[in-house]
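Protein chains in written order, with full-length UniProt numbering: chain A, 1 to 512; chain B, 1 to 512. Every residue gets a Cβ at the ideal spot worked out from N, C-alpha and C, and that includes glycine. Okay, structure first, notes after.
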């Protein structure tokens, strides 16, 4: 009934890999979601047309800034834009025309081909939290993240059945120098997991390292897309040279970028939903068009990271209705543009993995599914407005992702699903527990949490009256204890180790 | 921006009432939700047609049982059904034809006319938890509910901005005799709140008492609908004489009934979504048709209370994807039948108001909004699979209902909402915090929780690092401390008191 299937670990790359594989345990991993249900079309056709018209007005009259990037300005000039200083004004229709060469769907390859993902169309690929400098665990409270935490989160991601993607900066390893940590992070994703992952974007040279390491891992890329990386736009309407430098390297290498406005509503965009959507679309049109100027056909994703703001405290707020409205609307705009769409996640502003965290996360996860998101970053583990990667919340959210899988399957209507014979057999006043239809179908009939409590009150009380966080703590410990690395060709492992060692030796530690 | 408005407490019924009113504080209460967004049409037209066809097959070939109710059998015979023993087989199309006299929308009047609700069409009316024998509070753990708890929950409902309805059995007052407690419950709803409420259904005589007390409260009903009461069907396909007896009294008095299959999937219905929907539709068609045989035009609501089951433990499970699929599908069937729809709620199986409770509740609340539910019972306070009314969860859920209000408003697209001038004013690299558009619009721009934590980490830690449950506990105490009863004409109050005293005196205590 579910898309889940037990898959072999590692694809093997030689005799040693095959030997390693034989001894490895099997890890269950679901295939990425292929929606068999409709999207919720929240905004009317008229509203969408107005927003599209206004976004073109923004590009034409206000324009966007490409900062400290003379080559980008030259490219825009050559493409027909009106460039004045660092301001790029794009004639009505030009950006959309340039976007047309971006593919509507692409494959991101994983080193284990069973874990390749399709991004776009009706698919939904789930990836973990990205970016927090802190971690929180039941056994240690809140503290700065380390590379050991990073590796633990990669392991948890690898062990999570409903997670299709290993993600990127699952937390910031603050104990490793800024100019070296991307090497350790990539090394962890490549060796501790066999799911697809993201590349570094914090410097163009680190994007280069990411591509080089992938050349080693995949034994040459040959045009294959093996990374999906996060290129944030400096909203409003500004494209800085660091992010654009990374995008240029990735696009040229046919690696995918999420081109994503980063908006706290009321600060980086107007306080209205329609105004925010206008700006989001203008920014994405400019960013995606630019990616196609680098390499027509380069895979990209339209991103929308949007939160509302608490006007009392200035704090960003999550899982709110305005964020949902923008997520639905941006999904409609992405489909009309023919681009894969990234938004939503297990967003919340809570300090703890408590009810607030869960309400807000569930609001956003459900919105993500129904708004047609194709790539959902932050699908598990996010806490405290993105400041914290939480061990317990990681496994709590990852479990809830199973709900999205089942819901997306839609409703079967074949004769067995119609169950008329069962209704006939049981009749008024009977019960279905023992009937033939139930016997044949009960095993896959209902999605079941691997974490939440379904026990009778008395049993639950005897076992210590544990709340969700306590149950999650147990699961975190078990998953990390059970973890075994996926098999890897020792020659590739050695080459990766050597690359990291060499690149680290070439740099002096920097912590800013 | 929101539908909320400060409303006067009490409508006044005389000089004393008007004097009481002048001293009363104002309580904020939102108007019922009028959706300005589309429903999610989960099932295809083909699937819906198959289910509708199969439901008629069930009614025609298998039929339904009307137990210990000879008058009902006579009514069915006269209407053209094939009656054999207690089994009623309904020719294809007859039930649907009978349902056609039921109104697609009706008004339930409250004693405060500002709190009248429209049930049907694009509306959504939110009512609290119904039925638990236990309560849980941060200060007392889990224990049997009392009439004092009952009154507290009515007070909390009255104080809750996003709750439109006072509900019915907000908990079972187990310290009052079974044959008398309906009098105390009705008295509490009538005197401690001025929101609309539900009548008793546990005995036809108690439904009669409910109507009689409403005659007093409203100074004569004159055909007005002033109660919406819950008539559960004994699934599969059985209509018992207690529930039908109550329905007969309510329908004859033009009082609304929710005719609601009560299904734990796999036990009271097939383990498949399509099979369950078939049975739900057959049961509702028979029940609604019967209500129209009692009184053509009597207001009714199509109900669907459906949970999945944990096939390991046999426990019902909540907030699951199968329950969501059924909720979406039943909403589509209700709209095709032209009936108001009741389903969803803050359902969960958790023992505590923790993350599990919140994930599962949020899943179901969001489904309720997007599936076109018109009357949502259990919208707040439900815990532990309906065994427990939780004080903390009541205010937690009631707060989240604000999210549904805002989301349902849809997206404004007027010139001010388009905010082009703001985007022009701020331009690339600026910020919106001080711009004119933000100044004009920030106050209503973003929905804001009255409960959840939006504070900086350091402030939150200094204030005791409280989780959601702890914050909710504080709010419960504050709301109960601030509570003041809405004004009421003393003559009506005296008449109600006298009615309750007289009816209680006429009965011997029964506890079964």
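Quick check on residue i: does DSSP put it in helix, strand or coil?
i, result
"residue 58 of chain B", "helix"
"residue 216 of chain A", "helix"
"residue 30 of chain B", "strand"
"residue 482 of chain B", "helix"
"residue 65 of chain A", "strand"
"residue 230 of chain A", "strand"
"residue 123 of chain A", "strand"
"residue 550 of chain B", "The structure shown has nothing for residue 550 of chain B, since chain B only spans 1 to 512."
"residue 50 of chain A", "helix"
"residue 501 of chain A", "helix"
"residue 82 of chain B", "strand"
"residue 508 of chain B", "coil"
"residue 169 of chain B", "coil"
"residue 413 of chain B", "coil"
"residue 317 of chain B", "strand"
"residue 269 of chain B", "strand"
"residue 92 of chain B", "coil"
Within 8 Å (strictly less), CB to CB, does residue i reach chain B?
i, result
"residue 372 of chain A", "no"
"residue 85 of chain A", "no"
"residue 82 of chain A", "no"
"residue 526 of chain A", "Within the shown structure, residues of chain A are numbered from 1 to 512, placing residue 526 of chain A beyond reach of any answer."
"residue 330 of chain A", "no"
"residue 489 of chain A", "no"
"residue 396 of chain A", "yes"
"residue 95 of chain A", "no"
"residue 210 of chain A", "no"
"residue 463 of chain A", "no"
"residue 164 of chain A", "no"
Using a Cβ-Cβ distance under 8 Å, would residue i count as near chain A?
i, result
"residue 324 of chain B", "yes"
"residue 232 of chain B", "no"
"residue 77 of chain B", "no"
"residue 179 of chain B", "no"
"residue 448 of chain B", "yes"
"residue 90 of chain B", "no"
"residue 403 of chain B", "yes"
"residue 139 of chain B", "no"
"residue 309 of chain B", "yes"
"residue 4 of chain B", "Because the pLDDT of residue 4 of chain B is 35, which lies under 50, any placement of that residue in the model is unreliable, and the number read from its coordinates should be weighed accordingly. No, because no Cβ of chain A sits closer than 8 Å to the Cβ of residue 4 of chain B."
"residue 144 of chain B", "no"
"residue 13 of chain B", "At residue 13 of chain B the pLDDT is 45, less than 50, meaning the model places this residue with poor confidence; the figure from the coordinates comes in the next sentence. Not an interface residue."
"residue 52 of chain B", "no"
Taking 7 Å as the cut-off, is the C-beta of residue i nearer than that to any heavy atom in the ligand ATP?
i, result
"residue 420 of chain B", "Summarising the ligand content, the structure contains no ligands, and the ligand ATP is consequently not present."
Would a check of beta-carbon distances place residue i closer than 8 Å to chain D?
i, result
"residue 384 of chain A", "Given the protein chain composition of this structure (A and B), no chain D is represented."
Should residue i and residue j be called a contact, given that it needs their Cβ atoms to be closer than 8 Å?
i, j, result
"residue 278 of chain B", "residue 423 of chain A", "yes"
"residue 170 of chain B", "residue 129 of chain B", "yes"
"residue 445 of chain A", "residue 266 of chain B", "yes"
"residue 301 of chain B", "residue 256 of chain B", "yes"
"residue 313 of chain A", "residue 454 of chain B", "yes"
"residue 65 of chain B", "residue 319 of chain A", "no"
May I ask you to list the residues that DSSP assigns as paired with residue i?
i, result
"residue 382 of chain A", "A:389"
"residue 376 of chain A", "A:126"
"residue 300 of chain A", "A:257"
"residue 105 of chain A", "A:120"
Handout entry: Stretch pair the region 354-371 of chain B + the region 353-365 of chain A: three plus CB contacts closer than 8 Å
Key = yes
Exercise for the section: Indicate whether the contact test is met: 3 or more Cβ pairs, each with one atom in the region 194-206 of chain B and one in the region 390-404 of chain A, closer than 8 Å. Expected result: no
Handout entry: the region 297-313 of chain A / the region 467-474 of chain B touching (three or more Cβ pairs under 8 Å)
Key = no
Problem - At least 3 beta-carbon pairs within less than 8 Å: the region 220-229 of chain A vs the region 283-290 of chain A - result: no
Handout entry: At least three beta-carbon pairs within less than 8 Å, the region 344-352 of chain B to the region 55-68 of chain B
Key = no
Exercise for the section: Report yes or no: do the region 423-441 of chain B and the region 151-167 of chain B share at least 3 C-beta pairs separated by less than 8 Å? Expected result: no
Practice task
Check whether the region 89-105 of chain A touches the region 326-343 of chain A, taking contact to mean three or more Cβ pairs, one atom from each stretch, closer than 8 Å.
Solution key: yes
Problem - Cβ pair count under 8 Å reaching 3, the region 47-55 of chain B against the region 65-73 of chain B - result: no
Exercise for the section: For the region 170-181 of chain A and the region 499-511 of chain A, state whether three or more C-beta atom pairs, one from each stretch, are separated by less than 8 Å. Expected result: yes
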